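Quick notes on the structure that follows.
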Amino acid sequence: MRAVKTHVGFLVIHLPEIGGISHLELALGLEQLAQEYRAIAASRTAIAINTVKKRKL
46 MRAVKTHVGF
56 LVIHLPEIGG
66 ISHLELALGL
76 EQLAQEYRAI
86 AASRTAIAIN
96 TVKKRKL
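Under this note's numbering, the first residue of the sequence shown carries the number 46, and numbering increases by one thereafter.
Take a look at the structure:
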């Protein structure tokens, strides 16, 4: 098993095929998870910015 850092800073773990799941499928699953976390982070940032703007009014 080895981990490779991708251009977006997430680790993609390369494994031999386990129970019918190839390392490519695992990498795609991790990328989908990373996209979901980025969306959550962007949403929280937007909420924080809006909260600060409301406090200034």
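Positions of the beta carbon are idealized from the N, C-alpha and C atoms, including for glycine. Owing to the predicted nature of the structure, the values given are computational and were not obtained by experimental measurement.
Between the CA atoms of residue j and residue i - distance to the nearest angstrom
i	j	result
residue 97	residue 87	15 Å
residue 95	residue 89	10 Å
residue 92	residue 83	14 Å
residue 100	residue 78	33 Å
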